[in-house]
Ligand SMILES: NC(=O)c1ccc[n+]([C@@H]2O[C@H](COP(=O)([O-])OP(=O)(O)OC[C@H]3O[C@@H](n4cnc5c(N)ncnc54)[C@H](OP(=O)(O)O)[C@@H]3O)[C@@H](O)[C@H]2O)c1
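In the working numbering, the protein residues as written are 8 to 252.
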């Protein structure tokens with residue numbers, strides 16, 4: 008059993024790790040003996056920077072030049088990659104969606120993980136047998152009103168990476184998805200989701216450290232026979248067969 012969850016001395020890349028879900032996953036990996044490369048545009052928690060097994064990379068994922076920094080500062084290869092960085096934009100009905108804002112969201116949520124992974128793969132930085140976990144969103148699977156830009160960008164990401172999973176399976180690289188409902192992070196605070204909507208989650212709204220276990224499971228050898236699977240970690244929102252907004 009122990010070897011199924013053995014992260015010791017393994018190397019992981021986590022995008023969007025200065026706060027929220029990414030930071031919680033980095034801390035969980037480090038506490039299990041992994042070495043982690045973390046990406047964000049700003050700064051990282053002091054406790055992370057003091058950890059010799061954490062390697063901060065300051066880069067803007069939306070810019071291809073800046074993504075080059077990740078390649079330059081990476082080890083020879085990764086055992087696992089958590090494509091997590093993303094944004095939701097403001098919640099608004101589709102008739103108020105602005106084209107530039109929508110394109111910006113697609114740049115971060117869809118193009119940046121796709122081309123970052125392509126670059127890593129082409130440079131042979133994704134080990135045979137590696138696990139790739141893509142942070143999608145449960146909203147992709149529900150009729151979530153007022154979220155067309157977000158759900159569109161995450162849906163495109165999910166569809167593209169299912170195809171990627173089929174391409175890379177011959178190198179024994181697996182690609183799985185985690186789909187969260189509402190998690191108490193900066194993203195949730197800034198996108199004005201009302202408390203009445205969050206209250207729809209029967210199990211409540213978790214903090215990032217409460218949900219990092221699902222990501223670790225998909226990164227671990229315990230899930231090594233899975234690819235193309237989506238782990239729905241939505242506090243039971245799927246039990247409510249209603250439109251959410
Ligand atoms: N929270 C939820 O309820 C929820 C639900 C479903 C899915 N998700 C997904 O979970 C992922 C993480 O969300 P979160 O809630 O943890 O959000 P968060 O607290 O806002 O954290 C987002 C992280 O991404 C980084 N980031 C944003 N833009 C970036 C860029 N251009 N380049 C590099 N890094 C960038 C941020 O760091 P800097 O600002 O320092 O760059 C930060 O570390 C997202 O993909 C989100 O769609 C979240």
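Note that the Cβ used here is the ideal one computed from N, Cα and C, for glycine as well.
Let me know the secondary structure DSSP gives residue 250 once reduced to three states. Within the chain shown, the letter at position 243 stands for residue 250. Unreliable positioning characterises residue 250 in this predicted model, as indicated by a pLDDT of 48, which lies under 50. The coordinate reading is nonetheless provided below. In the structure shown, residue 250 sits in coil (DSSP, three-state: anything other than H, G, I, E or B).
For the beta strand (DSSP E) holding residue 121, just list the boundary residues, first then last. Locating residue 121 in the chain shown gives position 114, where the first residue counts as 1. Here residue 121 belongs to no beta strand (DSSP E); instead the alpha helix (DSSP H) covers 119–129.
Quick check: does the Cβ of residue 189 come within less than 7 Å of any heavy atom belonging to ligand 1? Your numbering for residue 189 matches position 182 in the chain shown. For ligand 1, a non-hydrogen atom lies closer than 7 Å to the CB of residue 189.
Quick one: give me the first and last residue of the beta strand (DSSP E) that residue 19 is part of. Within the chain shown, numbered from 1, the residue matching residue 19 stands at position 12. 18–22 is the span of the beta strand (DSSP E), which, as asked, contains residue 19.
Around the C-beta of residue 157, are 16 or more other C-beta atoms found within 10 angstroms, so that it is buried, or is it exposed? The residue given as residue 157 occupies position 150 in the chain shown. Counting Cβ neighbours within 10 Å, residue 157 comes out buried, since at least 16 surround it.
Can you tell me whether DSSP reads residue 114 as helix, strand or coil? On the chain shown, residue 114 is found 107 positions in, with the first residue counted as 1. DSSP places residue 114 within a helical segment (H, G or I) once states are collapsed to three.
Is the beta carbon of residue 98 less than 8 Å from the beta carbon of residue 139? For the purposes of this step, residue 98 is taken as the residue at position 91 of the chain shown. For the purposes of this step, residue 139 is taken as the residue at position 132 of the chain shown. It is not a contact, given that the beta carbons lie outside the stated cut-off.
Quick one: what does DSSP say residue 100 is sitting in, helix, strand or coil? As a position in the chain shown, residue 100 is number 93, starting the count at 1. DSSP places residue 100 in coil when its eight states are reduced to three.
Between the stretch 22–35 and the stretch 196–206, do at least 3 Cβ pairs fall closer than 8 Å? no
I need the boundaries of the beta strand (DSSP E) containing residue 161, first residue and last residue. Your numbering for residue 161 matches position 154 in the chain shown. Here residue 161 belongs to no beta strand (DSSP E); instead the alpha helix (DSSP H) covers 155–175.
So, with DSSP's three-state summary, where would you put residue 50? By 1-based counting over the chain shown, the position of residue 50 is 43. DSSP places residue 50 in coil when its eight states are reduced to three.
Quick one: complete beta strand (DSSP E) runs, 3+ long, within the stretch 215–249? 237–240
Residue 76, DSSP secondary structure in three states: Sequence index remark: in the chain shown, residue 76 carries index 69 (1-based). It is helical.
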